[in-house]
Amino acid sequence: MDFTDQRLSYEKGVLDQQSVPTSPFELLGAWMTEAIEQKVQEPYAMSLATCGADLKPSVRIVLLREITETGVVFYTNYDSAKGQDISENPNAEVLFFWHELERQIRISGRIAKIDAEKSAAYFQKRPHDSQIGAWVSQPQSGEVANREVMEQTFEQLQAEYADGISVPTPAFWGGYEITVEKIEFWQGRASRMHDRIVYSKDDNNNWQTKRLLP
Numbered sequence: 075m076d077f078t079d080q081r082l083s084y085e086k087g088v089l090d091q092q093s094v095p096t097s098p099f100e101l102l103g104a105w106m107t108e109a110i111e112q113k114v115q116e117p118y119a120m121s122l123a124t125c126g127a128d129l130k131p132s133v134r135i136v137l138l139r140e141i142t143e144t145g146v147v148f149y150t151n152y153d154s155a156k157g158q159d160i161s162e163n164p165n166a167e168v169l170f171f172w173h174e175l176e177r178q179i180r181i182s183g184r185i186a187k188i189d190a191e192k193s194a195a196y197f198q199k200r201p202h203d204s205q206i207g208a209w210v211s212q213p214q215s216g217e218v219a220n221r222e223v224m225e226q227t228f229e230q231l232q233a234e235y236a237d238g239i240s241v242p243t244p245a246f247w248g249g250y251e252i253t254v255e256k257i258e259f260w261q262g263r264a265s266r267m268h269d270r271i272v273y274s275k276d277d278n279n280n281w282q283t284k285r286l287l288p
């Protein structure tokens with residue numbers, strides 16, 4: 075398949091370095107709010123890139139669940155392939171791409187587990203069957219003989235934890251926060267003259283911005 079003749083001209087917005095806020099979290103929140111208002115489908119879906127001791131990068135989609143004062147939070151199985159990568163290398167990056175707005179956001183930083191009580195509070199907010207589904211993945215990314223094995227385990231857990239019975243939070247499941255060290259905002263422009271503004275900390279721990287060539 076040849077896609078060399080397939081292209082679009084991005085012309086929906088601009089990003090001016092002189093008018094961006096001092097804090098990248100203010101711009102992140104504003105862009106996320108706009109994406110929600112424009113009904114971008116799952117604007118909080120982000121590609122998470124990790125790299126373990128084998129030095130082989132791995133990427134997958136996870137869901138942003140909170141923007142804090144210092145970073146972004148998502149939840150997953152700690153025993154998963156991504157969890158193994160994180161235990162070996164705490165550096166990670168996430169990417170949001172909103173085609174409808176012709177925008178990208180790249181966030182780089184160090185990743186660590188969040189407080190267990192906070193993870194448990196979020197787990198108990200999840201739909202009942204999603205809670206059960208988390209218990210089926212022991213471990214997530216592990217090999218399974220067939221789908222029937224998964225479904226049988228799911229049905230057994232449904233019977234054990236019928237509606238009205240609380241599903242315990244797995245010890246192997248919880249949240250991670252990526253503490254932001256660098257964040258880039260990308261706005262598509264015509265003729266491939268895209269706007270790219272990157273925030274990073276200076277020696278005094280203050281945010282500075284730079285414009286990058288497209």
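For the sequence shown, this note's numbering gives the first residue as 75, with consecutive numbering after it.
Ideal Cβ placement from N, Cα and C applies to all residues, glycine included.
From a predicted model like this one, the values you see are computed outputs, not experimental measurements.
Using C-beta distances below 7 Å, list every residue in its chain close to residue 195, excluding the 5 sequence neighbours before and after it, in chain order.
Counting from 1 along the sequence shown, the entry for residue 195 is found at position 121. Contacts found: none.
Could you check the C-alpha separation between residue 281 and residue 77 for me, to the nearest Å?
Working through the sequence shown from its first residue, we reach residue 281 at position 207. Working through the sequence shown from its first residue, we reach residue 77 at position 3. Spanning the two alpha carbons is a distance of roughly 40 Å.
Could you tell me the distance, in whole angstroms, from the CA atom of residue 175 to the CA atom of residue 181?
Residue numbering aside, residue 175 sits at position 101 when the sequence shown is read from its first letter. Residue numbering aside, residue 181 sits at position 107 when the sequence shown is read from its first letter. Cα to Cα, residue 175 sits roughly 18 Å from residue 181.
Output needed for residue 188: all residues of its chain with C-beta closer than 8 Å, excluding positions within five of it in sequence on either side, in chain order.
On the sequence shown, position 114 is the one that residue 188 refers to. Counting only Cβ-Cβ distances below 8 Å, and skipping sequence neighbours, we find 147, 248, 249, 250 and 251.
Identify every run of the beta strand (DSSP E) within the segment 145-177, keeping only runs that are complete inside it and at least 3 residues long; order them along the chain.
DSSP runs (the beta strand (DSSP E)) wholly in the segment 145-177: 145-151 and 165-172.
Please list the terminal residues of the continuous alpha helix (DSSP H) segment that includes residue 204.
On the sequence shown, position 130 is the one that residue 204 refers to. Taken as a continuous stretch (DSSP letters only), the alpha helix (DSSP H) holding residue 204 covers 202-210.
According to DSSP, simplified to helix, strand and coil, what is residue 261?
The residue labelled residue 261 in the question sits at position 187 within the sequence shown. If DSSP states are grouped into helix, strand and coil, residue 261 belongs with the strands.
So, are the CB atoms of residue 198 and residue 253 less than 8 Å apart?
Position 124 of the sequence shown, counted from the first residue, corresponds to residue 198. Position 179 of the sequence shown, counted from the first residue, corresponds to residue 253. It is not a contact, given that the beta carbons lie outside the stated cut-off.
Using the beta-carbon count (16 or more within 10 Å), is residue 137 buried or exposed?
Residue mapping note: residue 137 aligns to position 63 of the sequence shown, counting from 1. Counting Cβ neighbours within 10 Å, residue 137 comes out exposed, since fewer than 16 surround it.
Can you say whether residue 122 is buried or exposed, counting buried as having 16 or more other CB atoms within 10 angstroms of its CB?
For this step, residue 122 is matched to residue 48 along the sequence shown. Buried.
What residues are listed by DSSP as bridge partners for residue 140?
Translated into the one-based positions of the sequence shown, residue 140 becomes position 66. Its beta-bridge partners are 147.
Assign residue 102 to one of two classes, buried (16 or more other C-beta atoms within 10 Å of its C-beta) or exposed (fewer than that).
Position 28 of the sequence shown, counted from the start, is the residue given in the question as residue 102. Burial call: buried.
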